[in-house]
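Note sheet for the following structure.
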Amino acid sequence: MPLDLICPAGSLVSLKAAIDHGADAVYMGFRDNTNARAFPGLNFDEAQAAEGLRYAHERGRRVLLALNTYPQPDTWSRWTGAVDRAAKLGMDAVILADAGLMRYAVKQHPQLRLHLSVQGSATSYEAVNFYREHFGIQRAVLPRVLSLPQVENVVQHTDVEIELFGFGGLCVMVEGRCLLSSYCTGESPNTAGVCSPAKAVQWTDTPAGLESRLNGVLLDRYGRDEKAGYPTLCKGRFEVGGETYYAIEEPTSLNTLDLLPEMLKIGIAAIKIEGRQRSPAYVAQVTKVWRAAIDSVKKNADGFKPAPAWQAELNKLSEGQSHTLGAYHRPWK
Amino acid sequence: MLNLAFPPQLANVVSRLPAAPPSLAFSVMANRLLWPALKTLDWQALVGRRYAIRVKDLGLSLRFTVTQRGFAPDSGAPDLTISASARDFLLLLSRREDPDTLFFSRRLVSEGDTELGLTVKNLLDALDPEQVLGRLPTPLARAAQRLMAT
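In the order they appear, the protein sequences are chains E and A. Quick note: to get this note's numbering, add 125 to the position in the first sequence (first position is 1). Quick note: to get this note's numbering, add 275 to the position in the second sequence (first position is 1).
As C-alpha cells, then:
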C-alpha cells in the first residue's frame with residue numbers, strides 16, 4: 126500500500142472527518158505534553174481515544190499515536206504511562222522520537238508497532254537503520270530537509286517504510302532540534318510539547334497594523350491586506366542591518382501535490398498531512414483533496430496533473446502568502 | 276455561495292442600539308437553545324471570564340460571561356474579543372470554514388487572552404454537531420442542517 130494518506134486529528138470530530146473523507150490512517154495525541162501539539166482543550170482522553178479507534182477500525186482504517194516529545198527526567202513515568210495506555214488501547218502504532226522511550230516500548234510491549242517521529246531528526250539511512258536495528262522501528266518520518274534524490278537514497282538503503290510530509294505548516298528546517306520557542310518562552314515543542322505557547326502570545330490591532338508578540342518580543346506587524354501567520358519566532362520579520370524582513374524563514378505552507386508521481390515511483394509508504402491544531406473543517410477539506418490526488422496518481426502516474434481546483438482549495442487553507450515544494454525540490458545539496 | 280450580507284439599513288439601525296439589550300437577548304437565547312447541548316462540555320477554564328463577540332458588519336457587540344448554569348450578560352472589560360462579519364460567523368458555526376483559515380486571511384480577529392481564545396476554539400471544535408442539532412428545536416435544527424449542507 127504505497128502512498129497511504131495519514132491525516133491529523135485534534136479531536137474526535139476531526140478524526141471522524143478524516144476517516145469519512147478518505148484518510149487511510151489518522152494520528153492523534155493524548156491530552157498532555159507527551160505530544161508536540163499540547164494546546165489547551167485539544168487532543169484525546171482515554172475514552173475518546175478508544176472511541177476513535179473503534180470508529181477507525183470498523184471502517185478498516187488505522188490510528189497512530191504521536192508520543193513525539195522528549196521525556197523530562199522528573200516526569201518520565203508520564204511518557205511510559207502513555208506508551209502503556211497506547212498498547213492497552215490497541216493503537217496501530219506509536220510515533221516516538223526519544224530512544225529511551227523506544228527501549229521502554231520494545232521491552233514492555235514487543236508487539237507494539239513503532240514509527241520514528243520527524244522530531245527524531247533522522248536524515249540518513251544510517252540513522253534510520255540504527256533505529257531499526259536497536260528498536261525494530263517499522264517506519265520513519267523524514268525531516269523536511271532532504272531533496273527528493275536524497276530521500277530516494279534513504280529509501281534504497283533501508284527496509285524501514287518511509288513517510289514524508291505532503292502538506293501543511295512548515296518548520297525552519299531543523300526539526301527535532303529547534304529551540305527558538307524556548308529562547309523566548311522557556312518552552313519548545315521537544316520539551317514542553319508546544320511551539321509558541323498560547324499564554325505567551327499577544328495579538329494587538331494598532332494603527333500601524335496587527336502586531337504579534339511572543340513574551341513581549343515583537344514578531345511581526347501585518348499591514349491591512351497582508352495574510353497573517355502563526356506567531357512563531359522563525360516566521361517573524363526582524364530588523365537586520367537596517368532592513369526589516371523575514372530574517373529566518375518566510376511563512377509559507379508545504380504543498381507537494383506536484384511531486385506525487387515521483388513519490389510513488391521512489392516507493393514512499395505514506396504521506397502525512399500537518400495540522401492537529403486545526404479544526405474539523407480543515408481536516409475535511411484537505412483530506413478530500415489529497416484522497417482524490419492520491420487515487421488519481423495511482424491510476425495514472427504518467428498523466429498525473431494536479432487539478433487547479435485542488436490547488437486553489439489548499440492555498441485557501443494555507444498559512445502565509447504562498448506554498449512551496451520545500452526542500453524536496455531544490456537543485457543544491 | 277450563500278448571500279448572507281445584511282441590508283445596510285438594518286445594520287445601521289442595529290449599530291445604534293445600546294449593547295445591553297442585544298447581550299441580554301443573546302444570553303437568554305443561547306441559554307434556551309444551546310446550553311442543553313453545551314453544558315456537558317468542560318467549561319472549567321472558561322467560567323467567570325468575560326467575552327465579547329463583535330459582528331462587524333452589523334455593528335453588534337454581544338458581551339457576556341459564562342457561569343456554571345449558562346451564559347449571563349456582562350458589561351465589564353472583556354478578557355477575549357472575537358470579531359468577524361455575520362457571514363463568517365455563520366461559516367464558522369456551520370463548520371464550513373476553519374478559524375485559522377479566516378485568521379490568516381484577516382477575516383477573524385481575536386484580541387485579549389490568546390490562551391483563552393484557543394481553549395474556546397478547541398472546546399467548540401470538539402463538539403459533535405449531531406449532538407447539538409439533536410437538542411435544537413426542530414425548525415432551527417432544519418435551518419442549521421440546510422446551512423451546513425450548502
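Note that the Cβ used here is the ideal one computed from N, Cα and C, for glycine as well.
Q: Using the Cα positions of methionine 276/A and arginine 362/A, report the straight-line distance between them to the nearest angstrom.
A: Note on methionine 276/A: pLDDT 40, under 50, position unreliable in the model; the coordinate value appears next. Roughly 11 Å between the two C-alpha positions.
Q: Please classify aspartate 388/E: is it buried, with 16 or more other beta-carbons within 10 angstroms of its beta-carbon, or exposed?
A: Note that residue 388/E is methionine in the sequence shown, not aspartate. Burial is judged here by how many other beta carbons sit within 10 angstroms of a residue's own beta carbon; methionine 388/E has at least 16 and is buried.
(Q) Quick check on the DSSP output: the beta strand (DSSP E) that includes serine 202/E runs from which residue to which? (A) Here serine 202/E belongs to no beta strand (DSSP E); instead the alpha helix (DSSP H) covers 201-214.
Q: Can you tell me which of Phe378/A, Ala312/A, Val407/A puts its alpha carbon nearest to the alpha carbon of phenylalanine 364/A?
A: The shortest C-alpha separation from phenylalanine 364/A is found at Phe378/A.
Q | Residue nearest to leucine 237/E in terms of C-alpha spacing, selected from Met216/E, Ile373/E, Ser443/E | A | Met216/E
Q: Run down chain A in chain order and give the residues with a C-beta less than 8 Å from the C-beta of proline 165/E.
A: Neighbours of proline 165/E on chain A, chain order: Ala320, Glu390, Leu393, Thr394, Asn397.
Q.
Let's test the definition: count the other Cβ atoms within 10 Å of the Cβ of methionine 227/E and tell me whether it reaches 16, buried, or not, exposed.
A. buried
Q. Whose Cβ in chain A lies nearer than 8 Å to the Cβ of leucine 137/E?
A. Ala401, Asp403
Q. Is the distance from the Cβ of tryptophan 204/E to the Cβ of leucine 192/E below 8 Å?
A. yes
Q: Could you run through the region 368-392 of chain A and flag, in chain order, every residue whose CB is less than 8 Å away from some CB of chain E?
A: Arg370, Arg371, Glu372, Asp373, Pro374, Asp375, Thr376, Phe378, Phe379, Ser380, Arg381, Val384, Ser385, Glu386, Thr389, Glu390, Gly392
Q.
So that I know if they touch, is there some Cβ in chain A lying closer than 8 Å to that of tyrosine 407/E?
A. yes
Q: Measure the CB-CB distance between glycine 348/E and alanine 161/E and report whether it falls below 8 Å.
A: No, the Cβ-Cβ distance between glycine 348/E and alanine 161/E is not below 8 Å.
(Q) So if I threshold CB-CB distances at 7 Å, which residues from the region 380-409 of chain E count as touching chain A? (A) Answer set for the region 380-409 of chain E: Arg403, Ser404, Pro405, Ala406, Tyr407.
Q. Leaving out five residues before and five after aspartate 316/A in sequence, what residues of the same chain have Cβ atoms less than 6 Å from its Cβ?
A. Looking at the sequence provided, one finds leucine at residue 316/A rather than aspartate. Counting only Cβ-Cβ distances below 6 Å, and skipping sequence neighbours, we find Leu398.
Q) Are at least three pairs of beta-carbons, each pair with one atom in the region 350-360 of chain A and one in the region 324-342 of chain A, less than 8 Å apart? A) yes
Q: Determine the direct distance from the alpha carbon of threonine 369/E to that of alanine 394/E, and round the result to whole angstroms.
A: Cα to Cα, the separation comes out at about 42 Å.
Q. Counting pairs of Cβ atoms below 8 Å between the region 369-377 of chain A and the region 343-352 of chain A, do you hit three or more?
A. no
Q) Would you say glycine 215/E faces chain B, with C-beta separation under 8 Å as the test? A) Among the protein chains of the structure shown, namely E and A, there is no chain B.
Q. CB-CB under 6 Å to valine 280/E, same chain, minus the five flanking residues each way: which ones, in chain order?
A. Ile287, Ile391, Gly392
(Q) Can you tell me whether proline 414/A is buried or exposed? The criterion is at least 16 other CB atoms within 10 Å of its CB, across all chains shown. (A) Label assigned to proline 414/A: exposed.
Q) Is isoleucine 287/E helix, strand or coil when you go by DSSP? A) strand
Q: Please classify methionine 304/A: is it buried, with 16 or more other beta-carbons within 10 angstroms of its beta-carbon, or exposed?
A: exposed
Q. Do you know whose CA, among Phe290/E, Glu364/E, Ser378/E, lies nearest alanine 353/E's CA?
A. Ser378/E
(Q) Would leucine 385/E and phenylalanine 429/E qualify as a contact pair, given that the criterion is a beta-carbon distance under 8 Å? (A) yes
Q: Note down the Cα distance separating valine 414/E from phenylalanine 255/E, rounded to an integer number of angstroms.
A: Within the model, the alpha-carbon separation for valine 414/E versus phenylalanine 255/E is close to 36 Å.
Q. Quick one, are the C-beta atoms of arginine 187/E and aspartate 149/E less than 8 Å apart?
A. yes
Q: Could you work out which residues of chain A lie near isoleucine 324/E, taking near to mean beta carbons separated by less than 8 Å?
A: At residue 324/E the sequence reads lysine, which differs from the isoleucine that was named. The contacting residues are Thr389, Glu390.
Q. Per DSSP, tryptophan 328/E is paired with what?
A. Ser337/E
Q) Is serine 249/E helix, strand or coil by DSSP? A) coil
Q) In whole angstroms, what separates the C-alpha of asparagine 340/E from that of tyrosine 407/E? A) 29 Å
**Q.** Nearest candidate by alpha-carbon position, reference glycine 261/E, set Pro268/E, Lys424/E, Val253/E
**A.** Val253/E
Q: Could you tell me which of Ala247/E, Glu399/E, Ala175/E sits nearest to leucine 214/E, measuring between CA atoms?
A: Ala175/E
Q. Whose C-beta lies closer than 7 Å to the C-beta of alanine 372/E among residues of the same chain, with five residues either side of it excluded?
A. Phe363, Val365
Q: Name the two residues that bound the continuous beta strand (DSSP E) containing proline 133/E.
A: Residue range 129-133 is occupied by the beta strand (DSSP E) that includes proline 133/E.
Q.
Taking 8 Å as the threshold (beta carbon to beta carbon), is leucine 277/A in contact with chain E?
A. Confidence at leucine 277/A is low in this model, with a pLDDT of 45, below 50, so the placement of that residue is unreliable and no value is reported for it.
Q: State the beta-bridge partners of alanine 327/A as determined by DSSP.
A: Arg338/A, Thr356/A
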